[in-house]
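Here is the structure we will look at, set down as structure tokens.
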Amino acid sequence: MSVRVDTSVPRTRLPEQAPVAPPPAPAAPARTNTVDAFQQAPGGVPTGGTAAATVPPQVQQTLTNLPPGTLSPENAAALQTRLSTLSGDALTHELDFLKQNVLNTPNADRATRTYLEMKTLQDTRPGRITQSTVETLTRAVATPRSATGAAGQEGVMGPSQARDAAQALIGMTGSDYKALQGALDNAGNKNNQCIAGADVQGERALLLKAVGARREQLASPGLMDRARSVFGGTSSAMNEVTGYASRIAGSQREDLMRQSTVIDLNGGTGALQQRWNDSCAPTSQQIARAEADPVYARRLHDEPIHSTDSNTAIGREQAEALKNNGGVAVERGQAGGSGMWPEATLDTQVGRYNNHDYARNDIADTPAARQGALDRADTLLKDGIDVPIVVNWDGGGSHALMLTDVRGEGADRQYLLTDPWNGQTGWIKGSDVANGSTSFMCGTGKLSITYE
1466 MSVRVDTSVP
1476 RTRLPEQAPV
1486 APPPAPAAPA
1496 RTNTVDAFQQ
1506 APGGVPTGGT
1516 AAATVPPQVQ
1526 QTLTNLPPGT
1536 LSPENAAALQ
1546 TRLSTLSGDA
1556 LTHELDFLKQ
1566 NVLNTPNADR
1576 ATRTYLEMKT
1586 LQDTRPGRIT
1596 QSTVETLTRA
1606 VATPRSATGA
1616 AGQEGVMGPS
1626 QARDAAQALI
1636 GMTGSDYKAL
1646 QGALDNAGNK
1656 NNQCIAGADV
1666 QGERALLLKA
1676 VGARREQLAS
1686 PGLMDRARSV
1696 FGGTSSAMNE
1706 VTGYASRIAG
1716 SQREDLMRQS
1726 TVIDLNGGTG
1736 ALQQRWNDSC
1746 APTSQQIARA
1756 EADPVYARRL
1766 HDEPIHSTDS
1776 NTAIGREQAE
1786 ALKNNGGVAV
1796 ERGQAGGSGM
1806 WPEATLDTQV
1816 GRYNNHDYAR
1826 NDIADTPAAR
1836 QGALDRADTL
1846 LKDGIDVPIV
1856 VNWDGGGSHA
1866 LMLTDVRGEG
1876 ADRQYLLTDP
1886 WNGQTGWIKG
1896 SDVANGSTSF
1906 MCGTGKLSIT
1916 YE
């Protein structure tokens, strides 16, 4: 198969037919073991707390003084219900924590949701979901990865990763839990020395995110791991986490955050690039896997991520994905290559680490259909699940890219897009995407597929 070459726009030739007919898009993100204890009850009172409790005046004042739109009505009601069960020093502590670390951040609503979910888990499993764990996971969702970067508003993790981490903590063996606690306690130290300026909270957040990415292996260890645990040994998954802990111990925040992702947190052209003419799909999946698993992200940073050098570990991984899924790897700008459909490896390369089962959604060429796809993507992105997309270029050819965040409401919504061709991360307007013939940074085209 041939491919039309235009060095200014990546015109990947995807297979003529998908290997498997695309399944219908789900009405809501499919997840397992998801904690969601704050759905509205039929009578309008949030579940997960004591509805009849009197609202303390300091709680009422805190919520009343929040800027409009800080919290969704559902999360505001659930938070009021939860805090109304407390009094005295316990109430003061929780309010101080929320005001200092959550409610004043651009991720207040997402982090409040996490806080509520973690507190509910703490009620039933306080031995594993400690107060320190609740606060670390909540702050990991709340605190932007970059204080100044245009693309760094999202936290180290989303609510879904916090849930995954909590479920892993509950399900892991005692020896794994002990090893993890040792790594968490050692955050900010290198070679038994406390490092000035080290980001202790950031290290702990990333370790818990790495644990969440290995939720299934930690909660359901294999035969060899179970045998090792009998003698007090740790699992292979926990060994990966503690090895990562040693690598990042004592890191400064800027380095720590930069090496835990391969998008450009400054909103520039420093993100991961595809090394082959048609490797946009495997590169997009490298981006999404790095967003889900900081251990993998740190490994990618063993070499320059913003490069077109194909004779590298990153390039070889992309080529192998193409080779194993019907594609052909040729150098950038050269003819004779072909790409692959993202769904061929999406669940094994990304879903395995963010614990989400993806489904392909082919979008009709209408503004309403594109808007509907974006609306569904919003739910996933706000939960921390990245959304791969495919764009059909106006001049022919297709290209796979990655959405990792959404901000704003209604017509003002913007989506954080990373393009693997030129390694650029930036914001695009949802209204432009819905209208069609959209500038996707490296070319103009129409959104044709989302993976939800």
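If you count the sequence shown from 1, you need to add 1465 to reach the working numbering.
The beta carbon of each residue, even a glycine, is placed where N, CA and C say it ideally should be.
Inset, instruction - Alpha carbon to alpha carbon, how far is L1721 from R1764? Give it in angstroms, no decimals. - result: 13 angstroms
Inset, instruction - Pick out whichever of N1790, W1892, N1900, A1899 has its Cα sitting closest to the Cα of M1906. - result: W1892
Legend entry - Backbone CA spacing between G1417 and V1760 [nearest angstrom]: The shown model of the chain, from 1466 to 1917, leaves out residue 1417, and the question about it has no answer.
Inset, instruction - Return the CA-CA distance between L1672 and N1790, expressed in angstroms with no decimal places. - result: 33 angstroms
Legend entry - Closest by C-alpha distance to T1883, when choosing among D1830, G1861, A1736, N1857: A1736
Legend entry - T1527 in three-state terms, based on DSSP: helix
Inset, instruction - Could you pull out every unbroken alpha helix (DSSP H) segment of at least 4 residues lying fully inside the stretch 1611-1663, listed in chain order? - result: 1624-1636, 1639-1650
Inset, instruction - Give a yes or no on contact between the stretch 1807-1825 and the stretch 1622-1639, applying the rule of three or more CB pairs nearer than 8 angstroms. - result: yes
Legend entry - Coarse secondary structure for S1552, derived from DSSP in three states: coil
Legend entry - Chain-order list of residues whose beta-carbon lies under 7 angstroms from that of R1578 (same chain, five-residue window excluded): N1540, P1624
Legend entry - Residue of G1792, T1734, M1583 minimising C-alpha distance to A1445: Missing from the structure shown is residue 1445; the chain here goes from 1466 to 1917 and no further.
Legend entry - 6 angstroms Cβ shell around Q1836 - same chain, five flanking residues per side excluded: A1899
Inset, instruction - Using the Cα positions of G1849 and P1532, report the straight-line distance between them to the nearest angstrom. - result: 24 angstroms
Inset, instruction - Give a yes or no on whether the C-beta atoms belonging to T1699 and R1691 are separated by under 9 angstroms. - result: no
Inset, instruction - Label R1712 either buried or exposed according to how many other C-beta atoms from any shown protein chain fall within 10 Å of its C-beta, with 16 as the threshold for buried. - result: exposed
Legend entry - Integer-rounded CB distance, given that E1619 should sit under 8 angstroms from P1609: 7 angstroms
Legend entry - Residue nearest to D1641 in terms of C-alpha spacing, selected from T1598, M1583, G1614, T1707: T1707
Inset, instruction - For A1865, write down the residues that DSSP places opposite it in a beta bridge. - result: V1855
Legend entry - Backbone secondary structure at D1923 - three-state DSSP: Nothing can be reported for residue 1923, as the shown portion of the chain is limited to 1466 through 1917.
Inset, instruction - Could you check what DSSP says for T1603 in three-state terms: helix, strand or coil? - result: helix
Inset, instruction - Could you check which residue in G1860, G1875, A1576, A1838 has the C-alpha nearest to that of E1434? - result: With the chain covering only 1466 through 1917, there is no way to say anything about residue 1434.
Inset, instruction - Check each candidate in E1719, L1683, R1718, R1723 and name the one with the smallest Cα separation from E1705. - result: L1683
Legend entry - A1678 versus A1755 - alpha carbon distance: 10 angstroms
Inset, instruction - Output yes or no for whether 9 angstroms exceeds the beta carbon distance between R1718 and D1664. - result: yes
Inset, instruction - Have a look at D1629 and L1602 and give me their C-alpha separation to the nearest angstrom. - result: 11 angstroms
Legend entry - Best match in P1885, Y1580, A1576 for proximity to H1771 [C-alpha to C-alpha]: P1885
Legend entry - 4 or more residues per run - each alpha helix (DSSP H) lying fully within the stretch 1767-1793: 1778-1789
Legend entry - Cα-Cα separation between G1895 and G1732, rounded to whole angstroms: 17 angstroms
Inset, instruction - Assign R1558 to one of two classes, buried (16 or more other C-beta atoms within 10 Å of its C-beta) or exposed (fewer than that). - result: Just to set this straight, residue 1558 is His in the shown sequence, not Arg. Result: exposed.
Inset, instruction - Consult DSSP for Q1596 and reduce its assignment to one of helix, strand or coil. - result: helix
Legend entry - Nearest neighbour of T1890, chosen from L1866, K1847, T1909, E1874 [CA to CA]: L1866
Inset, instruction - Compare the beta carbon distance of R1740 and S1701 with 9 angstroms and say whether it is the shorter of the two. - result: no
Legend entry - Backbone CA spacing between P1832 and M1689 [nearest angstrom]: 53 angstroms
Legend entry - As assigned by DSSP and simplified to three states, the class of D1758: coil
Inset, instruction - List the residues that DSSP assigns as beta-bridge partners of S1803. - result: V1793
Inset, instruction - Please confirm whether A1652 and A1714 have their CB atoms less than 9 angstroms apart. - result: yes
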